[in-house]
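Data first, discussion second: the structure below is written as structure tokens.
Residue numbers (our numbering): 316 to 490.
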């Protein structure tokens with residue numbers, strides 16, 4: 316059933332709003348995947364804060380105008396599923412990457428992060444980006460390491476002194 320002009324405008328506005336707030340987008344061809352499997356993918360995506368959209372390419376191109384994902388417009392061909400990362404850079408890539416391991420019919424076509432367009436070979440690299448919490452914990456561990464090492468070094472000197480005195484005491488008692 317064909318969409319009316321008002322419905323098309325509504326779809327473009329909805330996708331444009333999602334794209335304006337997204338950190339990254341993954342476009343994957345979903346031809347050959349059944350409804351039950353796509354429903355499972357949508358559930359996994361919803362749990363990870365990823366928005367999935369299946370939109371005609373012409374409408375998606377219009378929706379991407381003025382966003383950082385405008386670079387994808389020229390490369391969009393075929394039936395595409397668009398996965399938008401709403402929480403962190405790699406969440407959409409993680410969902411698509413994990414799902415495509417078990418379902419070979421889901422084939423990644425485009426990956427866009429921060430206005431840069433990447434090919435499907437970069438999906439795994441983007442998927443392995445740390446989440447915000449992981450990045451913060453890595454940063455905190457890096458900042459904490461020099462202080463921890465300093466405290467351990469400062470604590471080693473008196474500890475070694477005490478062990479030396481105890482060894483001298485034991486040697487005198489044994490003699």
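For glycine and all other residues, C-beta sits at the position ideal for the given N, C-alpha and C.
Fair warning: this is a prediction, and the values are worked out from it, not measured in the lab.
When C-beta atoms of the segment 364–379 are compared with those of the segment 389–401, three or more pairs fall below 8 Å, so the two segments count as touching. Comparing alpha carbon positions, the residue from 325, 336 and 341 closest to residue 424 is 341. Residue pairing by DSSP puts residue 431 in a beta bridge opposite 428.
Beta-bridge analysis with DSSP links residue 344 to 395 and 422. Sorting 365, 347 and 382 by C-alpha distance to the C-alpha of residue 335 places 382 at the top. For residue 404, the secondary structure class from DSSP, reduced to helix, strand or coil, is coil. Between residue 402 and the set 461, 485 and 363, the nearest pair of CA atoms involves 363.
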